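**Q** So the sequence lines, in the order shown, correspond to chains A and B. When you number the first sequence by the numbering used here, it's gap-free, plus one each residue, and the end is 304. When you number the second sequence by the numbering used here, it's gap-free, plus one each residue, and the end is 1103. The beta-carbon is built from N, C-alpha and C at its ideal position, and this holds for glycine as well. No experiment lies behind these values; they were computed from the predicted model shown.
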Amino acid sequence: MAVLTAIITHLEAPAVRRQLDYLRDLSPASRFVVCHGGSRAAFEELADKDALFIDDPSLRGSARQQSYNAILRAVYEGRVAQDTDIELVYFMEYDHLVLASDFERRLEELAGASPAGLFAKGASRRNDTNWPHFTRYKDDAGINRFFAELSCRDDPWARWGCLGSGMLLRREALAALSAVPDPPRVYLEMFIPTVVYHLGFDVVDVDAVSDLYAGVLPGVESPAQALIDSRATPTDRLCLFHLKQRGPGRSNRKEQLRVLVAAGGNVAPVRHDGNTPCFADLPDHFYASRGTGSSIGGVASGSA
Amino acid sequence: MTTRALAHLRSNLSAVDSEGEWPDPFLPRGLERLVVRLFGRQIRCAECGRELFKGVPFLWRGKLWLFGAYEHVIRVSFVSSEAMEFRHAQLDECPSSERPWVQ
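Right, here's the structure in full:
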């Protein structure tokens, strides 16, 4: 069961190169593909055979409007369709830090826990919640019609949500996703799990079947708790991925996913212009990439 | 070690994002916060019993507003003809025997 890891980034070429070098050193046998949503010039300077340019203006605009439709299609058509070995595709954003060299094995174990098409942190049905991405789309007639026409379920009004980084898609689910004709540009954290569900695949919360993301801390107070209250258990578990999720409620939670400062560690997430930190803020001795661009396409406040 | 940890903490605090867009406020944010601070009651998760947030219920023109809920994703449902219950929407905030790592 081969895994392809797709890195969604907008950073300048040197930063992306350092991130790739780090990942290739960490796990030499792994396959990576960069989905570059930044400037064309940065992509061309990168000149890496494992990079795809994603020409989607939604990646360069408001974070609340970001859609991964073009990314999903590019990864499937550009890498997965012709490589029948790939069974799982792991999508991670540029500020999602992989720490363990055996991360693919653990992703495969996760996929073995359920036949689901999508595994994601926080994946759940959101109809009975105050999740802002559910409430802002719930009365959109065009989007409701799209899901009603697409759905093979008995409940075409079901809306799902999940964290945008760290989604593990089974090959069949990605193929079906990328084959959806004329998908509307809807915020990815609502759109992807909802489409996968309505296409007939199960959507599973990673936390329900695995402790893979046990180290991802919810709540803005978490680092303080870890450091001051000696409640360091979650951060001690940061053996696989290094993420930061600072509470899910507000409309821009996804881009608050970031590198977490571990208890006694040497990583500090720092604002990166708008609301998106990145590898640019990591010390050189710790990690590779130090980006220079403020955000995708140089537009502040976006995230990859 | 403590000094170093506090230095990191300060760095983290500087990373706190600005307030995000609030699409449908009933009151100005500052006023709502004041109301919640003065009159807020603990709203607890029906599953784990931990506090979800401090909130103030308010009826207005056919809507039950819950000041203080905006910053938190919560699940809500009627459990009787006149009672609603609230739960964590995120499993990693709601401890259970299956998730002993949840703090």
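1) Would you kindly work out how many angstroms separate the C-alpha atoms of residue 124 (chain A) and residue 1088 (chain B), rounded to a whole number?
2) Tell me the DSSP secondary structure of residue 143 (chain A) in three-state form.
3) At what residues does the alpha helix (DSSP H) containing residue 109 (chain A) begin and finish?
4) Closest to residue 23 (chain A) by CA distance: which of A:100, A:55, A:2 is it?
5) Does DSSP put residue 1042 (chain B) in a helix, a strand or coil?
6) Using CA atoms only, rank isn't needed, just tell me which of A:11, A:30, A:19, A:9 is closest to residue 106 (chain A).
7) Quick one: does residue 186 (chain A) have its CB under 8 Å from some CB of chain B?
8) Which residue wins for smallest C-alpha separation from residue 71 (chain A), given the options A:198, A:177, A:215?
9) Can you list the residues of chain A that residue 1037 (chain B) reaches, using a CB-CB cut of under 7 Å?
10) By DSSP's criteria, residue 167 (chain A) is part of a beta bridge. Which residues make up the other side?
11) Taking Cβ-Cβ distances below 8 Å as the criterion, which residues of the region 1084-1095 of chain B are in contact with chain A?
12) Helix, strand or coil for residue 1084 (chain B)? Go by DSSP, reduced to three states.
13) Is it the case that the region 201-213 of chain A contacts the region 178-186 of chain A, given that we only count it when at least three CB pairs across the two stretches are under 8 Å?
14) Residue 193 (chain A) and residue 120 (chain A) look like a contact to me (Cβ under 8 Å); what is the Cβ gap, rounded to whole Å?
15) Within 8 Å (strictly less), CB to CB, does residue 1075 (chain B) reach chain A?
16) Between the alpha carbons of residue 173 (chain A) and residue 67 (chain A), how many angstroms are there, rounded?
17) Please list the partners that residue 203 (chain A) has in chain B, where partner means a Cβ-to-Cβ separation under 8 Å.
18) Note down, in chain order, each residue of its chain lying with its Cβ closer than 6 Å to the Cβ of residue 230 (chain A), except the 5 sequence neighbours on either side.
19) Can you name the start and end residues of the beta strand (DSSP E) that residue 1100 (chain B) belongs to?
20) So what's residue 185 (chain A) in DSSP terms, helix, strand or just coil?
21) Smallest Cα separation from residue 1092 (chain B): which of B:1050, B:1063, B:1042, B:1076?
22) Taking the continuous alpha helix (DSSP H) assigned at residue 72 (chain A), which residues delimit it?
23) Starting from the Cα of residue 1075 (chain B), find the closest Cα among A:142, A:141, A:128, A:133 and give me that residue.
24) Determine the extent of the alpha helix (DSSP H) in which residue 25 (chain A) is found, giving its start and end residues.
25) Enumerate in chain order the residues of its own chain whose CB-to-CB distance from residue 86 (chain A) is below 8 Å, with the five nearest sequence positions on each side excluded.
**A** This is what the structure holds:
1) 11 Å
2) helix
3) 103-112
4) A:100
5) strand
6) A:30
7) no
8) A:177
9) None at all; the shortest Cβ gap to chain A is about 17 Å.
10) A:91
11) 1089, 1090, 1091, 1092, 1093
12) strand
13) no
14) 6 Å
15) yes
16) 17 Å
17) What residue 203 (chain A) touches in chain B: nothing, since even the nearest Cβ is about 13 Å away.
18) Caution applies to residue 230 (chain A), whose pLDDT of 36 falls short of 50 and renders its modelled position unreliable; the value that the coordinates give is listed next. The answer is none, since no qualifying residue turns up.
19) Neither: residue 1100 (chain B) is in no beta strand (DSSP E) and is coded neither H nor E.
20) coil
21) B:1050
22) 69-75
23) A:128
24) 13-26
25) 2, 3, 4, 31, 79, 80, 171
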